[in-house]
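Following the working numbering, the numbering of the sequence shown begins with 1 at its first residue and continues without gaps.
Ideal Cβ placement from N, Cα and C applies to all residues, glycine included.
Beneath this line is the structure, given in structure tokens, with notes to follow.
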Amino acid sequence: MNHGCVWRPERRGCQPCACPVAKGFHLVTTLLGPAQVASLAVRYASKKTGGSSKNLGGKSPGKRFGLKKMEGHYVHAGNILATQRHFRWHPGAHVGLGRKKYLYALEEGTVRFTKEVYVPSPNNVEAVDLVTRLPKGAVLYKTFVHVVPAKPEGTFKLVAML
């Protein structure tokens with residue numbers, strides 16, 4: 001039964017009917033139109049979900065730098081004496097310097113360590129710069145690795161001719 005009521009959203013209700021049938025009553029009538037397909041809004045994520053942040057670095061194994069042969073050890077030619085990232089030990093007598101600053105024996109013999117006054121080569125700009133920044137009279141000591149060759153058995157030194 002349509003009495004001509006009109007829905008007024010701004011008044012939050014219906015307008016009273018002017019028809020004699022519904023005197024003083026407010027009726028809200030809705031007209032149902034043909035069946036309409038409800039349009040569904042499909043929503044997608046506008047941002048990815050946040051992943052966890054972890055400190056994953058620092059779990060790599062060590063590089064095994066350090067001394068491989070200690071003081072007094074007997075070594076053969078070619079044995080690696082020490083591996084290092086920066087110069088901690090310097091090559092001395094019968095010791096060679098490898099490609100990645102490792103020290104190796106040039107002859108067979110006994111390993112010895114000494115502390116000696118460091119005199120840099122004039123070609124080494126960084127070392128010369130370090131020495132020039134030292135105060136007057138100061139000396140720089142570094143650790144050197146030497147291989148003392150073993151005397152071959154059965155060899156004799158001539159003392160005098162008869």
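Compute the Euclidean distance between the alpha carbons of residue i and residue j, then round it to the nearest angstrom.
{"i": "K63", "j": "G154", "result": "43 Å"}
{"i": "A160", "j": "T110", "result": "30 Å"}
{"i": "E107", "j": "A150", "result": "9 Å"}
{"i": "G98", "j": "K47", "result": "53 Å"}
{"i": "A93", "j": "G58", "result": "38 Å"}
{"i": "V119", "j": "A138", "result": "12 Å"}
{"i": "G66", "j": "H146", "result": "16 Å"}
{"i": "G96", "j": "V75", "result": "13 Å"}
{"i": "H73", "j": "I80", "result": "12 Å"}
{"i": "V28", "j": "A41", "result": "Confidence is the limiting factor: at V28 the pLDDT is only 48, short of 50, which leaves the residue's position unreliable and the question unanswerable from this model."}
{"i": "G51", "j": "A45", "result": "15 Å"}
{"i": "F156", "j": "L134", "result": "48 Å"}
{"i": "P152", "j": "N55", "result": "57 Å"}
Count the other CB atoms within 10 Å of the CB of residue i; is the residue buried (16 or more) or exposed (fewer)?
{"i": "P91", "result": "buried"}
{"i": "V191", "result": "Outside the displayed span of the chain (1 to 162) sits residue 191, for which this structure offers no information."}
{"i": "K136", "result": "exposed"}
{"i": "A82", "result": "buried"}
{"i": "Y141", "result": "exposed"}
{"i": "L162", "result": "exposed"}
{"i": "L158", "result": "exposed"}
Short check: CB of residue i to CB of residue j, under 8 Å?
{"i": "F144", "j": "T114", "result": "yes"}
{"i": "P122", "j": "V128", "result": "yes"}
{"i": "Q84", "j": "K101", "result": "yes"}
Could you say which of the options lies nearest to residue i if we only look at CA atoms?
{"i": "V117", "options": "R99, W89, A82", "result": "W89"}
{"i": "A77", "options": "Y44, V119, A105, P152", "result": "A105"}
{"i": "E71", "options": "R112, P152, R133", "result": "R112"}
From the DSSP secondary-structure annotation, give me the bridge partner or partners of residue i.
{"i": "V128", "result": "BP columns for V128 are empty, so no partner."}
{"i": "V75", "result": "G109"}
{"i": "G192", "result": "Outside the displayed span of the chain (1 to 162) sits residue 192, for which this structure offers no information."}
{"i": "Y141", "result": "V117"}
{"i": "V148", "result": "T110"}
{"i": "P91", "result": "V145"}
{"i": "A82", "result": "L67, L103"}
Does residue i get closer than 8 Å to chain D when you measure Cβ to Cβ?
{"i": "G72", "result": "Annotation note: the requested chain D is absent from the structure, which comprises a single protein chain."}
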